[in-house]
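Line by line, the protein sequences give chains A and R. Straight run, no breaks: the first sequence in this note's numbering ends on number 310. Straight run, no breaks: the second sequence in this note's numbering ends on number 1310. All C-beta atoms in this analysis are idealised placements derived from N, C-alpha and C, irrespective of residue type, glycine included. It should be emphasised that the depicted structure is a prediction, and the values quoted were computed from it without experimental measurement. Read the structure below first, then the notes.
Number of protein chains: 2
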Amino acid sequence: MTLVSEMNERELIEDFRSFIHTEGKIGPGDDAAVLSDGTVASTDIVSFDRHFPAGMTYEQFGWYAAAVSFSDIASMGARPTGFLAALALPGNLEKQNAYDIMSGIDQCCEYCGTGIIGGDTKPGPGIITGTALGRMDGRKPMLRTGARPDDVICVTGPLGGPAAALMDIEYGLGLEQSRDCLYVPIPRIAEGISMAESGAVTSCMDLSDGLGTALNTICGQSHAGATVEWDFLPKNEYAVKASELTDTPLEQLLFDCGGEYELLFTADKNKLERLYDTELEFHVIGMINDSGRTELIKDGERRKIRYGRY
Amino acid sequence: MTLVSEMNERELIEDFRSFIHTEGKIGPGDDAAVLSDGTVASTDIVSFDRHFPAGMTYEQFGWYAAAVSFSDIASMGARPTGFLAALALPGNLEKQNAYDIMSGIDQCCEYCGTGIIGGDTKPGPGIITGTALGRMDGRKPMLRTGARPDDVICVTGPLGGPAAALMDIEYGLGLEQSRDCLYVPIPRIAEGISMAESGAVTSCMDLSDGLGTALNTICGQSHAGATVEWDFLPKNEYAVKASELTDTPLEQLLFDCGGEYELLFTADKNKLERLYDTELEFHVIGMINDSGRTELIKDGERRKIRYGRY
């Protein structure tokens, strides 16, 4: 007899995935499902227990609950069309706090160009399940399976900010300004749409589970390898400071921590000018190869990139 | 300072609804949201705490979790296109039971002609949030606002079965066969589609909150009144027995209890032959009027129909 607690989360998710089947075969293994009619959908659970770090407000928690699902549809290249919010909230929560959560969800929806279209409320321990809907509008969805040798690997912005914020919360490093990217992650909607429109992007996923996990996932699903150049990685300034102040390897902050909401993507190097034309901000961090290994080149040495702790 | 526990559920939902806005203005107040592109979506929370009566299996609980959301899109007249399942399950749950829940969800999706397209799993107290997606395929969605005086009021099947099952669980009445309709509710998908296609239906909602609440809701939102004829009401045979065995008024079993998944609808009486042409099973139970009151005619007397306890 095996208990759910004895399975790691990946096992449970794998079991779950065996039930997932979409008409178009997009869904299991990708950030969001894409139906043959062009509807894109993703659902995510966030909880007071696991996703409510010290210092976060209820409004920010609401924003966060919506942002994680919008980030999933952003990484497919979808335009948001609606959000459903299911709130299981404790009875001893102040009414104002419940209202603040809803307001935070609403603000994130508005940022993403859409609104709350439905929901449910029940008593519970503080669990919000958000479902973001979107449309491809004729764009081809960006999957995790399309990375090919010689593609460039890119990210849409600096990494390590959420890790710095978590360290600041734990150790009081005086880096309060790092907290915003943890509390109020920005779904990269416009970026995802531009990327999908460019026709240059071969694979994409969001960095909510961290760079190490995302790189290994894309390489695993694309049957490819990757080398990432340390010097090319855009580094959040607070991550650099937190690393120095705590004597923690910066590598750990950049690769192992989730809660990042930049997008990781690969692109055909011969079509890079199409990406430059979009005025998308992005940073090339390495190359896809056929080695099957994911490696970081730092100070002339190669090291294996591992799945992060998320 | 007001706590969530001091608000009744309706207040919390009303507060929540103030944030809901859809392009097409369909959503708040209806069973499901309908986007301008014809996508229909509904999300529902079910929990071990509140929706797992004695004798129910994990597989049935999974079915139930999916059925409640499919019922919502059925009542709009939508064809299901996918289901997202977010599972917050306790660590001490046996793995087999988690698998059974997923299997039950999967079976209900298959019954509804679709499949699980995505989901999420996190630790939690046993809360499943399901999101059903569907398409209108050009049909006009059936709302709660369209009932007009002289429309007939109809239901798609006998009522009181779930109430009988709950009484059997509580008092051991020997009515085990009543349990299926409580444990394995059937979303009225084909019925909803036929009804929407007929062009005769003026309003519709599912009976998940019970007949009393549904009648008052449709009348409230349509600014109308209703009279229901006791003799016309189709009565589940176990409800009749449970009423006799426990000396509980049958009226209470038919009007006050939720967990029914038949559809309540109103139809233009001049277009009834269109409904007969669909071979839809339905029962006329009364008429809409302009009195603003919802009344039951029983034994020659008129009594007010109240919101049920759901």
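Contact check, residue i vs residue j, beta carbons under 8 Å
i, j, result
"Val155 of chain A", "Leu263 of chain A", "yes"
"Asp151 of chain A", "Lys235 of chain A", "no"
"Ser47 of chain A", "Ile127 of chain A", "yes"
"Gly1134 of chain R", "Val1040 of chain R", "yes"
"Ser198 of chain A", "Leu143 of chain A", "no"
"Pro90 of chain A", "Pro125 of chain A", "yes"
"Thr131 of chain A", "Leu87 of chain A", "no"
"Ser1208 of chain R", "Tyr1261 of chain R", "yes"
"Tyr307 of chain A", "Thr246 of chain A", "no"
"Ile189 of chain A", "Ala74 of chain A", "yes"
"Phe1019 of chain R", "Ile116 of chain A", "yes"
"Ala242 of chain A", "Leu182 of chain A", "no"
"Gly1292 of chain R", "Leu35 of chain A", "no"
"Asp72 of chain A", "Asp206 of chain A", "yes"
"Val1240 of chain R", "Leu1233 of chain R", "no"
"Thr1043 of chain R", "Asp120 of chain A", "yes"
"Gly77 of chain A", "Ile193 of chain A", "yes"
"Gly1038 of chain R", "Met1167 of chain R", "no"
"Gly1104 of chain R", "Glu1176 of chain R", "no"
"Gly1212 of chain R", "Phe1255 of chain R", "yes"
"Ala32 of chain A", "Gly1118 of chain R", "yes"
"Glu191 of chain A", "Leu280 of chain A", "yes"
"Cys1257 of chain R", "Gly1210 of chain R", "yes"
"Asn216 of chain A", "Ile305 of chain A", "yes"
"Thr129 of chain A", "Thr1129 of chain R", "yes"
"Phe70 of chain A", "Pro141 of chain A", "no"
Under 7 Å by beta carbon: chain A residues contacting residue i
i, result
"Thr1131 of chain R", "Thr43, Leu84, Thr131"
Interface residues of chain A facing residue i [CB-CB closer than 9 Å]
i, result
"Pro1125 of chain R", "Ala88, Gly124, Pro125, Ile127"
Partners in chain R for residue i, counting only beta-carbon separations shorter than 8 Å
i, result
"Asp120 of chain A", "Thr1043, Asp1044, Ile1045, Thr1129"
"Glu94 of chain A", "Met1001, Thr1002, Leu1003, Val1004"
Proximal chain A residues relative to residue i, where beta-carbon distance stays under 8 Å
i, result
"Thr1081 of chain R", "Leu35, Asp37, Thr39"
"Gly1337 of chain R", "Residue numbering for chain R in the displayed model covers 1001 to 1310; residue 1337 of chain R lies beyond these limits and cannot be assessed."
"Asp1106 of chain R", "Phe19"
Alpha helix (DSSP H) segment containing residue i, residue limits
i, result
"Glu251 of chain A", "250–255"
"Glu1262 of chain R", "Segment: none, Glu1262 of chain R is in no alpha helix (DSSP H) and carries neither H nor E."
"Ile1020 of chain R", "No alpha helix (DSSP H) contains Ile1020 of chain R, which DSSP labels as neither H nor E."
"Val201 of chain A", "Per DSSP, Val201 of chain A belongs to no alpha helix (DSSP H); it is in the beta strand (DSSP E), 201–206."
"Ala239 of chain A", "237–246"
"Leu1211 of chain R", "1211–1222"
Per-residue contacts from residue i into chain R (C-beta, under 7 Å)
i, result
"Gly91 of chain A", "Leu1003, Val1004, Ser1005"
Contacts of residue i in chain D (Cβ-Cβ under 8 Å)
i, result
"Ala1032 of chain R", "Annotation note: the requested chain D is absent from the structure, which comprises protein chains A and R."
Endpoints, beta strand (DSSP E) assigned at residue i
i, result
"Val1046 of chain R", "1039–1047"
"Glu301 of chain A", "301–304"
"Gly1225 of chain R", "1225–1229"
Closer than 7 Å: residue i CB and nearest the ligand SAM heavy atom
i, result
"Gly210 of chain A", "Ligands are entirely absent from the displayed structure, and the ligand SAM is therefore not among its contents."
Across the segment 1101–1110 of chain R and the segment 1220–1228 of chain R, are there enough close Cβ pairs to call them in contact, namely three or more that are closer than 8 Å? no
Ranges of the beta strand (DSSP E) found wholly within the segment 1106–1191 of chain R, counting only runs of at least 3: 1116–1123, 1127–1135, 1152–1155
3 or more residues per run - each beta strand (DSSP E) lying fully within the segment 56–95 of chain A: 79–89
Would you be able to state if there are at least three C-beta pairs under 8 Å between the segment 130–147 of chain A and the segment 192–207 of chain A? yes
Hey, is the segment 1155–1171 of chain R in contact with the segment 1297–1309 of chain R, meaning 3+ C-beta pairs nearer than 8 Å? no
Runs of 4 residues minimum, wholly inside the segment 1264–1298 of chain R: which ones carry the alpha helix (DSSP H) assignment? 1272–1277
Would you call the segment 280–290 of chain A in contact with the segment 96–106 of chain A, where contact means no fewer than 3 C-beta pairs closer than 8 Å? no
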